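K.L.:
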Amino acid sequence: MTHTNGEKKPLHKTQPEPILSSHKDSVIHENLLPIQRIEGGGPPKRVDFSTLPKPIRYFGYFLVAAAVIMAVMVAVVSLFR
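Note that this note's numbering gives residue 84 to position 44 of the sequence shown, counting from 1, and the numbers run on in steps of one.
Below is the structure:
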């Protein structure tokens, strides 16, 4: 909070500081925002595979590749049927 002359007004000790983040940009549903703040994790984030342990990373790559191969196979089979 600021005064009319531009200097900051001190907060009371029991007042929480305002949350200064971009939660509004990635909120899926506006009613879920308070729940996301309570849990502390914020909005869901994309998985960065390079930070995971190798076995889990390779399993994730396998699942993604299997999904792509199955989608291609469905398209090929439906074309030639």
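Backbone N, C-alpha and C fix where the C-beta goes; we use that ideal spot for every residue, glycine too.
Note that the coordinates shown come from a computational prediction; the quantities given were computed from them, not determined experimentally.
When the Cα atoms are used, what is the spatial distance from VAL112 to THR91?
P.N.:
As a first step, residue 112 is located in the sequence shown; it is residue number 72 there, counting from the start. As a first step, residue 91 is located in the sequence shown; it is residue number 51 there, counting from the start. Approximately 29 Å, taken between the alpha carbons.
K.L.:
Tell me where the alpha helix (DSSP H) around PRO95 begins and ends.
P.N.:
Within the sequence shown, numbered from 1, the residue matching residue 95 stands at position 55. Note, PRO95: alpha helix (DSSP H), 94-120.
K.L.:
Could you tell me the alpha carbon to alpha carbon distance between GLY100 and LYS85, rounded to whole angstroms?
P.N.:
Within the sequence shown, residue 100 is the residue found at index 60, counting from 1. Within the sequence shown, residue 85 is the residue found at index 45, counting from 1. Near 16 Å, if we compare the C-alpha coordinates of LYS85 and GLY100.
K.L.:
For PHE102, I'd like the list of residues in its chain whose CB is within less than 6 Å of its CB, leaving aside the five on either flank, ordered along the chain.
P.N.:
Here residue 102 refers to the residue found at position 62 when the sequence shown is read from its first residue. Cβ neighbours of PHE102 beyond the five flanking positions: none.
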